[in-house]
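Numbering-wise (numbering that gives the first Met the number 0), the sequence shown opens with residue 0 and increments by one.
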Amino acid sequence: MKKLYVLLMMVGMTAIAQVKGNKEISSVTIPVNNLTDLEMALYADVEIDQNATANMTITTDGNLLSLIDTEIVDGTMKLTQKEWIQPSQGIKIVIGAPLLKRLQVDVHETVLFKNIQNQEISLIAILGTIKASGTTNYARISGEAGIVDATALQTEEAYVNIWGNGKAIVNASQIVDGKLDKKARIELVKQPKELKGDVKREVKKSTSAKGSDKGRYIDIKIKNNSWNRNHFVVKGPKKDGGHFGYGFPMMPGTVKKERWTIGTKVYKVNKLGIKKLLITVTAKDEGNTIKLFED
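Here you go:
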């Protein structure tokens with residue numbers, strides 16, 4: 000009975016084993032003439048050009064090319080893997096999509112969508128980041144935990160719908176409307192003529208809070224500049240008066256990207272659970288790498 004159990008376990012593990020890349024890098028180009036809707040669920044470096052010929056070029060291990068699903072059904076492509084694959088290096092995909100009207104990203108990747116020229120475009124970041132550029136009359140920007148960076152996408156009107164802690168950067172000249180979760184983040188490249196819905200409320204709230212830096216989120220990097228693996232605890236203020244906090248480990252010499260509020264404190268925690276304050280994040284740390292330990 001024990002032997003049978005072990006055999007079944009081995010069969011199960013084989014069935015779900017990854018298909019590893021053969022390190023023989025190849026490219027394939029396929030037509031995507033009727034592609035109007037792209038849903039990305041594949042970990043890959045993807046670049047989309049709306050001003051290019053309607054083709055898709057995929058570059059990866061030769062034995063993995065046939066395991067990437069590129070079928071288009073009624074104008075929609077769900078870009079994903081047919082089997083569990085492990086490429087020897089990052090997959091590179093370049094798409095010319097003159098008819099693309101909707102892009103959705105479901106993985107932690109950054110997708111570049113350039114030369115947008117549709118009358119209307121829909122950008123959805125469930126996860127990951129979409130960086131969009133070009134011009135349109137109407138942009139529909141949505142997300143959950145991802146980021147839609149439309150700084151370089153000039154639009155007359157935009158509707159923003161974020162139902163999680165996602166972020167949208169909008170460049171609209173006339174109207175910005177939308178529905179925003181309490182944890183959602185929105186930035187306006189310029190002030191449009193009219194703000195509506197939750198966007199109006201959120202922009203008003205952030206404007207009134209500009210007088211205080213405490214609780215403002217900034218992008219930083221932290222470095223464990225010690226020779227040891229350490230465990231840390233972070234605790235930071237929120238604009239609403241609350242706090243966030245969590246623990247995390249870091250290997251020696253490693254660097255992490257973080258988005259924390261000004262006033263956030265980082266503690267080292269020893270094996271007995273005793274905390275020692277290492278740093279407090281200040282406004283001048285924005286965009287810099289902070290060493291957690293004194294040299």
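All C-beta atoms in this analysis are idealised placements derived from N, C-alpha and C, irrespective of residue type, glycine included.
Just so you know, these numbers come straight off a predicted model, no measurement behind them.
Roughly how far, in whole angstroms, is the beta-carbon of V106 from the beta-carbon of L34, given that I think they are within contact range, below 8 Å? The residue labelled residue 106 in the question sits at position 107 within the sequence shown. The residue labelled residue 34 in the question sits at position 35 within the sequence shown. About 19 Å separates the two Cβ atoms, so there is no contact after all.
Helix, strand or coil for R215? Go by DSSP, reduced to three states. Mapped onto the sequence shown, residue 215 falls at position 216. Coil, per DSSP.
Is there contact here, the stretch 118–134 with the stretch 75–89, by at least three beta-carbon pairs under 8 Å? no
Rounded C-beta distance between A151 and A138? I'm assuming under 8 Å. Mapped onto the sequence shown, residue 151 falls at position 152. Mapped onto the sequence shown, residue 138 falls at position 139. Between A138 and A151 the Cβ distance is about 12 Å, and since that is not below 8 Å, they are no contact.
Just to confirm, are T128 and V104 a CB contact at a threshold of 9 Å? By 1-based counting over the sequence shown, the position of residue 128 is 129. By 1-based counting over the sequence shown, the position of residue 104 is 105. Yes, Cβ-Cβ distance for T128 and V104 is below 9 Å.
Nearest to N229 by CA position, among K274, K220, G214, L194, is which residue? In the sequence shown, residue 229 corresponds to position 230, counting from 1. The candidate whose alpha carbon is nearest that of N229 is K274.
Spell out a yes or no on whether the stretch 112–128 and the stretch 56–70 are touching, meaning 3 or more CB-CB pairs, one atom from each, closer than 8 Å. no
Where does the unbroken beta strand (DSSP E) through E38 begin, and where does it stop? The sequence position of residue 38 within the sequence shown is 39, counting from 1. Element bounds for E38: 36–39.
In angstroms, rounded to a whole number, what distance separates the CA positions of K264 and F231? Translated into the one-based positions of the sequence shown, residue 264 becomes position 265. Translated into the one-based positions of the sequence shown, residue 231 becomes position 232. Their Cα atoms are separated by approximately 10 Å.
Can you find a C-beta in chain D that's less than 9 Å from the C-beta of G163? Going by chain labels, chain D is absent from the structure shown, which holds only one protein chain.
Do I57 and T75 count as a contact pair if the criterion is CB distance below 9 Å? In the sequence shown, counting from the first residue as 1, residue 75 sits at position 76. In the sequence shown, counting from the first residue as 1, residue 57 sits at position 58. Cβ atoms of T75 and I57: not closer than 9 Å.
Beta bridge counterpart(s) of S225 as assigned by DSSP: Locating residue 225 in the sequence shown gives position 226, where the first residue counts as 1. Answer by DSSP bridge pairing: none, since S225 is not bridged.
Using DSSP's beta-bridge definition, name the partner residues of G235. Reading the sequence shown from its first residue, position 236 is the one you call residue 235. Bridge partners of G235: F243.
I185 to I123 span [Cα, whole Å]: Indexing the sequence shown from 1 puts residue 185 at position 186. Indexing the sequence shown from 1 puts residue 123 at position 124. Distance between the alpha carbons of I185 and I123: 14 Å.
On the three-state DSSP scale, how would you describe K81? Here residue 81 refers to the residue found at position 82 of the sequence shown. K81: coil per DSSP, three-state reduction.
Environment of G241 [buried if 16+ CB atoms lie within 10 Å]: Against the sequence shown, residue 241 aligns to sequence position 242. With fewer than 16 other Cβ atoms within 10 Å, it is exposed.
Output the distance between the C-alpha atoms of K192 and N136, rounded to the nearest integer angstrom. Sequence index remark: in the sequence shown, residue 192 carries index 193 (1-based). Sequence index remark: in the sequence shown, residue 136 carries index 137 (1-based). Computed Cα separation, rounded: 15 Å.
So I125 and K220 are supposed to be a Cβ contact under 8 Å. How far apart are they, rounded? If you number the sequence shown from 1, residue 125 lands on position 126. If you number the sequence shown from 1, residue 220 lands on position 221. Actually they do not touch by this definition, with Cβ atoms about 26 Å apart.
State the beta-bridge partners of M76 as determined by DSSP. Position 77 of the sequence shown, counting from 1, holds the residue named residue 76. M76 pairs with L37, I71.
Among the residues of its own chain, which have a CB less than 8 Å from the CB of N295, if the five just before and after it don't count? Given that the chain is displayed from residue 0 to residue 294, the structure contains no residue 295 and the question cannot be resolved.
Given Q118, which residues of its chain have a CB within under 8 Å of its CB, disregarding the five upstream and five downstream residues? Your numbering for residue 118 matches position 119 in the sequence shown. Closer than 8 Å at Cβ, skipping near neighbours: T135, N136, Y137.
In chain order, what residues of the same chain have a beta carbon less than 8 Å from the beta carbon of L37, not counting five sequence neighbours either side? Here residue 37 refers to the residue found at position 38 when the sequence shown is read from its first residue. The residues are I47, T75, M76, L78, I94, A96, L99, R101, L102, Q103.
For D294, I'd like the list of residues in its chain whose CB is within less than 8 Å of its CB, leaving aside the five on either flank, ordered along the chain. Taking the first residue of the sequence shown as 1, we reach residue 294 at position 295. Only N224 meet the Cβ criterion.
Using DSSP with H/G/I as helix, E/B as strand and the rest coil, what is S141? Counted from its first residue, the sequence shown places residue 141 at position 142. In this structure, S141 counts as strand in the three-state DSSP scheme.
Drop a sphere of 10 angstroms on the beta-carbon of V159, count the other beta-carbons inside from all chains shown, and report buried for 16 or more, exposed for fewer. Sequence index remark: in the sequence shown, residue 159 carries index 160 (1-based). Its Cβ being crowded by 16 or more others within 10 Å, V159 is buried.
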